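Count the sequence shown with the numbering used here and you get residues 309 to 1072, in order.
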Amino acid sequence: MHRFTLFVLVFLACVGAAQAQSGPGFGFEYRPVAKVVQGADTLQHAWAGGFNTPQFSAIDLNNDGQNDLFAFDHESSRVYTFLNVAAPGTAAGRRWQYAPEYESIFPTDLQGWALLRDYDCDGRADLFTYVNGGEIRVFRNALVNGRTTFQLTTGQIRFSGSFSGTANLTVGGYNLPAIQDVNGDGKLDIMTYDFISASFIELYLNTSPGTCGGALTFRIATDNWGKLQACHGCASYMFNGQPCFAARPLHTGGHSLLLLDLDGDGDQDVLDGRDNCPELVSLLNQGTAAAPVLTQAGISASFPSAATPVRVPVFPAGYSIDANFDGRPDLVVAPNMLNNIADQVSLRNHVQLFENTAPSGAPAFAYRPAGFLQNDMIDVSEGAAPALGDLDGDGLPDLLIGNHADRVNNVYRATLTYYRNVGTRARPVFRFVTDDYLGLSAKGLEGLKPVLVDLNRDGALDLAYSAWNKSANAIYYILNTAAAGQPVAFNAANAVSLKPQGATITGVLPYARGDMPCFTDVDGDGYVDMLIGTNETREPGMSLRYFRNRASGTLDNAFVLVNNDFGRIRTATGGRPFNLSPTVTDFDGDGQPDLLTADASGVLRFFSNYRAQTGILAERTDVLYNPLTSQYESTQLGRENVSHTALATADLNGDGAPELFIGTQAGGILTYGTRNRTVTAAQPAAAHVLALSIYPNPATASVTIETAKPTRISLLDLSGRVVRTTAVARLRHNVALSGLAPGVYLVRAQGADGAAAVQRLLVQ
């Protein structure tokens, strides 16, 4: 008890310090909020957000002479950055550390592919990337005030040939080119499959004057390198003008190329990955750099060995980086498909590592089953959607994660993954329990987005979830039959779907794939209402819709439409945000709930005290604090319409401030803490008249609340959910606290004249 009292005193002192400090206003900052244990392993990058289709390159981000790591996810257009840091006591003495503060130095409009290569020989990796449907633009890596920046060099690489003038160098919308020195002159060349049929390899040599390739001038050396044609089958090729046996299927739309000297003969060989195929095929150049010779005998679909060949679900791409810090380039392989809509493969644990064990000369690649980085992340395949709440009755918030789907035992379906919190209130630790909580995989759903909320006002958490049932989206709920404070008792067989209200086009619940519900008390009447982020177009309305809980009748008929364009939320260009996800809690500490949204643009939008606003909600988008620049900036969570982001919040470590959890399209979770919370709002004069008094505080079984005038009392958690309320206005209330999880709550007293006061209550 003495230790707890000391904690409270320190907490209050910190509150005072937070109120007194000056500087930037409220915002979020990336923080790994808890340890995560999976089996015998503690995940080193648990909260990095998962991988789907990462493309890897080396770059020295912090100018310390060590190669760090850049990854770009093809599917979601999201950037990742990892620092190469010292790790005393480990075998390599180094380790990768997720460092999102460097992600904002890259252009915000990257898509398709992005590779880092040093074209101007200054020792800093420059950026080559897709643009305009398949052309190439280049950004130069320049140091400005000691920090890496990327400055556009050319918006479109051009090339010369036997024709007069120049033309745009086009690799197409689905090919990943090799940007490497092919002919050994020290200049970066470009090798790619043709953009029309993706059947023939084209070579563009760098003709820049001097010993470096800084001018970025190119000429086409051949449009049929090695006289090879890729045919319709996986690992199928013809040579010297012989025709393929059949036309290529339309789905096979691209290739990924990586050049390596695989046999140590001094010229570049090719690793070729193809869409809709699992193999990374090796093509040995048995000629020279100037006169390549390819034969059927030099082709292998079992690279690097028959015992452990590369096998990636769809469209493998290889990347040559030193992954294990031994100074030798290893091979990392990952899928490179555009999306998983047609393929419907598992995107879990698919980033493969083949370590180079050769001390010199030709590489010798050894398969490492653990993979690379992804094995150290929370990753539920794709479309992660987190929810937090106490499932086991120990007073600590546990973690559920829904997903879009994962292919297991040849079935593509969504599941709930359960991590139990086995730590303490101040030091949370999540331990993996199951990836099929409640056996929901048997229902064959997709796009499962869970919410833990007390729907029937009995003090116990219920489970609601949005999901696609192969024909339409629906919002289901499973009531908890256990008492408040006890381990939850859910029966998946008892799931009930919310019924639409009103006639068609007059207020039917959205039923579009990916609908994201948020249950929160919008109107302050003590009943949870529903905000839904939706792409629905069959019903009139925009991205965020408000359905009020009418507090009568059966629960499945409780929610009725109030506003089909709540907040009038739009993108920066005035458009409709796609895949919008809302969450509500008192983020900034002023005692009033705030609304936070994310959508396919990758931007978080913060609406402070949204209840007090009408019409168009006032937003902030510069909400992410970057410790590298000491400034707030917009988030870059990806920018593709296929990308889904899901938000959840909880006070995970018992410090009175909510943590933010962001589920990503890549199947992982990003976590953020808050900065510069107001903590205690300045009360208007009318509130002082109420003279709100709470004792004891901290409290255990019950608390007494007194005011100078008769008031009604509401007790809210930090998400704005009313957990206790009184119906009659009195000067003194005795409120029972049984069944409430330990933590910080808000006590709101309101008089008949509308005067209100809010104070914090610590429940232990």
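Even for Gly, the Cβ is constructed at its ideal location relative to N, Cα and C. The model shown is predicted, which means the values in this text are computed figures rather than measured ones.
Legend entry - Simplified DSSP state of Tyr835, which is helix, strand or coil: Stepping through the sequence shown from its first residue, residue 835 is reached at position 527. The answer is coil: DSSP assigns Tyr835 none of H, G, I, E or B.
Inset, instruction - Report yes if the CB atom of Ala956 is closer than 8 angstroms to the CB atom of Arg386, and no otherwise. - result: As a first step, residue 956 must be located in the sequence shown, where it is residue number 648. As a first step, residue 386 must be located in the sequence shown, where it is residue number 78. No.
Legend entry - Between the CA atoms of Gln682 and Ala674 - distance to the nearest angstrom: As a working note, residue 674 is residue 366 in the sequence shown. As a working note, residue 682 is residue 374 in the sequence shown. Cα to Cα, the separation comes out at about 18 angstroms.
Legend entry - Residues bridged to Ala450 (per DSSP): The residue given as residue 450 occupies position 142 in the sequence shown. Note: Ala450 sits in a beta bridge opposite Thr457.
Inset, instruction - Would you list the one or two residues that DSSP bridges to Ile367? - result: The residue given as residue 367 occupies position 59 in the sequence shown. Note: Ile367 is bridge-paired with Asp376 in the DSSP secondary-structure output.
Legend entry - Residue burial classification, Ala722 (beta-carbon count within 10 angstroms, cutoff 16): As a working note, residue 722 is residue 414 in the sequence shown. Its Cβ being crowded by 16 or more others within 10 Å, Ala722 is buried.
Inset, instruction - Give a yes or no on contact between the region 658–668 and the region 400–417, applying the rule of three or more CB pairs nearer than 8 angstroms. - result: By the C-beta criterion, the region 658–668 is judged not to be in contact with the region 400–417, since fewer than 3 inter-stretch pairs fall below 8 angstroms.
Inset, instruction - Determine contact between the region 690–701 and the region 1032–1040, defined as no fewer than three beta-carbon pairs at a distance below 8 angstroms. - result: Result no; under three Cβ-Cβ pairs closer than 8 angstroms.
Inset, instruction - Ignore the nearest five residues each way along the sequence and tell me which others in Ser330's own chain have a CB closer than 6 angstroms to its CB. - result: Numbered from 1 along the sequence shown, position 22 holds the residue referred to as residue 330. Caution applies to Ser330, whose pLDDT of 32 falls short of 50 and renders its modelled position unreliable; the value that the coordinates give is listed next. Residues of the same chain with their beta carbon placed closer than 6 angstroms to that of Ser330 are lacking, with the five preceding and five following residues left out of the count.
Inset, instruction - For Val439, I'd like the list of residues in its chain whose CB is within less than 6 angstroms of its CB, leaving aside the five on either flank, ordered along the chain. - result: Taking the first residue of the sequence shown as position 1, residue 439 is located at position 131. These residues qualify, in order along the chain: Arg445.
Inset, instruction - Output yes or no for whether 8 angstroms exceeds the beta carbon distance between Tyr388 and Leu496. - result: Within the sequence shown, the letter at position 80 stands for residue 388. Within the sequence shown, the letter at position 188 stands for residue 496. No, the Cβ-Cβ distance between Tyr388 and Leu496 is not below 8 angstroms.
Legend entry - As assigned by DSSP and simplified to three states, the class of Ala990: Within the sequence shown, residue 990 is the residue found at index 682, counting from 1. Below a pLDDT of 50, predicted positions are generally treated as unreliable, and Ala990, at 45, falls in that range; the measurement from the model is reported next regardless. It is coil, neither helix nor strand.
Inset, instruction - Counting only the same chain and skipping the five closest in sequence on each side, list residues whose C-beta sits under 8 angstroms from that of Val868. - result: If you number the sequence shown from 1, residue 868 lands on position 560. The residues Gln809, Gly810, Gly815, Phe855, Arg856, Arg858, in chain order, have a CB closer than 8 angstroms to that of Val868 in the same chain once the five nearest residues on each side in sequence are set aside.
Legend entry - Nearest-angstrom Cα separation, counted from Asn711 out to Phe436: Counting from 1 along the sequence shown, the entry for residue 436 is found at position 128. Counting from 1 along the sequence shown, the entry for residue 711 is found at position 403. Looking at the two C-alpha atoms, the distance is approximately 33 angstroms.
Inset, instruction - Could you check the C-alpha separation between Gly946 and Asp698 for me, to the nearest Å? - result: What you label residue 946 is simply residue 638 of the sequence shown in a count that begins at 1. What you label residue 698 is simply residue 390 of the sequence shown in a count that begins at 1. The alpha-carbon separation between Gly946 and Asp698 amounts to approximately 31 angstroms.
Legend entry - Distance between Arg339 and Leu968 (C-alpha atoms, nearest Å): Walking along the sequence shown from the start, residue 968 turns up at place 660. Walking along the sequence shown from the start, residue 339 turns up at place 31. Straight-line Cα distance between these residues: approximately 10 angstroms.
Legend entry - Segment contact flag, the region 648–655 with the region 365–382, C-beta cutoff 8 angstroms, min 3 pairs: Not touching, per the Cβ criterion.
Inset, instruction - Using the Cα positions of Glu1074 and Arg656, report the straight-line distance between them to the nearest angstrom. - result: The structure shown does not extend to residue 1074, since the chain spans only 309 to 1072, so no value can be given for it.
Legend entry - Three CB pairs or more closer than 8 angstroms across the region 722–737 and the region 1015–1022: Note that the region 722–737 does not touch the region 1015–1022; fewer than 3 beta-carbon pairs, one per stretch, sit closer than 8 angstroms.
Inset, instruction - With DSSP collapsed to three states, give me the class of Val868. - result: Taking the sequence shown and counting its residues from 1, the one referred to as residue 868 is at position 560. The answer is strand: DSSP assigns Val868 an E or B state.
Legend entry - Host beta strand (DSSP E) of Gly697 (start-end): The residue you call residue 697 lines up with position 389 of the sequence shown. For Gly697, the enclosing beta strand (DSSP E) covers residues 693–697.
Inset, instruction - Would you decide whether Gln1058 is buried or exposed? Buried here means 16 or more other CB atoms lie within 10 Å of its CB. - result: As a working note, residue 1058 is residue 750 in the sequence shown. If you draw a 10 Å sphere on the C-beta of Gln1058, you find 16 or more other C-beta atoms in it, and that means buried.
Inset, instruction - Could you work out which residue in Pro637, Pro617, Tyr727 is closest to Pro677 when comparing CA atoms only? - result: Translated into the one-based positions of the sequence shown, residue 677 becomes position 369. Taking only the C-alpha atoms, the option nearest Pro677 is Pro617.
Inset, instruction - Over the uninterrupted beta strand (DSSP E) stretch that includes Thr525, give me the two end residues. - result: Taking the first residue of the sequence shown as 1, we reach residue 525 at position 217. For Thr525, no beta strand (DSSP E) segment is defined, and its DSSP state is neither H nor E.
Legend entry - Which of helix, strand or coil DSSP assigns to Gln604: Taking the sequence shown and counting its residues from 1, the one referred to as residue 604 is at position 296. Reduced to three states, the DSSP call for Gln604 is helix.
Inset, instruction - Can you tell me which of Arg878, Asp833, Ser505, Arg884 puts its alpha carbon nearest to the alpha carbon of Ser860? - result: Looking up residue 860 in the sequence shown gives position 552. Restricting attention to Arg878, Asp833, Ser505, Arg884, the CA atom closest to the CA of Ser860 is found in Asp833.
Legend entry - Where Asn802 falls: helix, strand or coil (DSSP): Within the sequence shown, the letter at position 494 stands for residue 802. If DSSP states are grouped into helix, strand and coil, Asn802 belongs with the helices.
Legend entry - Where Ala750 falls: helix, strand or coil (DSSP): In the sequence shown, the residue the question calls residue 750 occupies position 442. In the three-state scheme derived from DSSP, where H, G and I count as helix and E and B as strand, Ala750 is classed as helix.
Legend entry - Paired residues, beta bridge with Gln939 - DSSP: Along the sequence shown, one-based indexing puts residue 939 at 631. In DSSP, Gln939 forms a bridge with Asn934.
Inset, instruction - Tell me, to the nearest whole angstrom, how far the beta carbon of Val479 is from that of Ala597; I am working on the premise that it is less than 8 angstroms. - result: Counted from its first residue, the sequence shown places residue 479 at position 171. Counted from its first residue, the sequence shown places residue 597 at position 289. About 21 angstroms separates the Cβ atoms of Val479 and Ala597, ruling out a contact at the 8 angstroms cut-off.
Inset, instruction - Check whether the region 415–422 touches the region 375–386, taking contact to mean three or more Cβ pairs, one atom from each stretch, closer than 8 angstroms. - result: For the pair of segments examined, the region 415–422 was found to touch the region 375–386: the number of CB pairs separated by less than 8 angstroms reaches three.
Inset, instruction - With DSSP as the reference, please indicate the residues paired to Arg1020 in a beta bridge. - result: The residue labelled residue 1020 in the question sits at position 712 within the sequence shown. For Arg1020, which the question treats as bridged, DSSP gives the partners Gln1058.
Inset, instruction - Please name the residue, chosen from Pro758, Asn934, His540, Val796, that lies closest to Phe827 on a Cα-to-Cα basis. - result: By 1-based counting over the sequence shown, the position of residue 827 is 519. When each option's Cα is compared against that of Phe827, the closest is Pro758.
Inset, instruction - Look at the alpha carbon of Tyr727 and the alpha carbon of Ala399, and state the distance between them as a whole number of angstroms. - result: The residue labelled residue 727 in the question sits at position 419 within the sequence shown. The residue labelled residue 399 in the question sits at position 91 within the sequence shown. Each residue's Cα considered, the two are about 30 angstroms apart.
Inset, instruction - May I ask you to list the residues that DSSP assigns as paired with Lys757? - result: Position 449 of the sequence shown, counted from the start, is the residue given in the question as residue 757. DSSP, once it has assigned bridges, lists Ser774 as partnering Lys757.
Inset, instruction - Below 8 angstroms on the Cβ atoms is my guess for Val589 versus Asp580; work out the distance and round it to an integer in Å. - result: Translated into positions along the sequence shown, residue 589 becomes position 281. Translated into positions along the sequence shown, residue 580 becomes position 272. Cβ-Cβ separation between Val589 and Asp580: approximately 5 angstroms, consistent with a contact (criterion under 8 angstroms).
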